[in-house]
Amino acid sequence: MIDGKYNIEVDVPFGRKEGTVDLRTEGETAIADIDAPIVGRQHVEGHADGDTFTADGSGKVKFVGKVDYTLTGEVKGDDLHIDINSNKGDFKLDGKRA
């Protein structure tokens, strides 16, 4: 089950910063509300399949502008891992269920 709130850490040029991801499913839809360094606050909707989820989209990021992305994520037990591939670079978010 992927539903839950996760405390995440993100490596940024000036150190390791913390954020959160609220993740839930509605049928086969995965919904993530992300509040993290670099990506800012983002609401993402995609596809859930068991303990994995994917989403494609675009959003505005402070100081960067419009970002087009593909997001893939997985929950194993209480561990969350998200890869974000975008036109502005790639990011990894790792966290634990709160």
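For the sequence shown, the working numbering gives the first residue as 5, with consecutive numbering after it.
Think of the CB as a built atom: it goes at the ideal place given N, C-alpha and C, for glycine as much as any other residue.
| Check | Outcome |
| --- | --- |
| Residue nearest to Asp53 in terms of C-alpha spacing, selected from Thr76, Lys96, Lys21 | Thr76 |
| Beta-carbon proximity check, Leu84 vs Ala40, cutoff 9 Å | no |
| Residues bridged to Glu32 [DSSP beta-bridge criterion] | Answer is none; Glu32 lacks a bridge partner. |
| Residues bridged to Val43 [DSSP beta-bridge criterion] | BP columns for Val43 are empty, so no partner. |
| Bridge partner(s) assigned by DSSP for Lys70 | Lys64 |
| Under 9 Å between C-beta atoms of Asp7 and Arg28 | yes |
| Lys92 versus Met5 - alpha carbon distance | 31 Å |
| Nonlocal neighbours in the same chain, by C-beta distance under 8 Å from Ser90, ignoring five residues either side | Val71, Asp72, Tyr73, Thr74 |
| Span separating the alpha-carbon of Glu1 from that of Arg45 | Nothing about residue 1 can be read from this structure; the chain reaches only from 5 to 102. |
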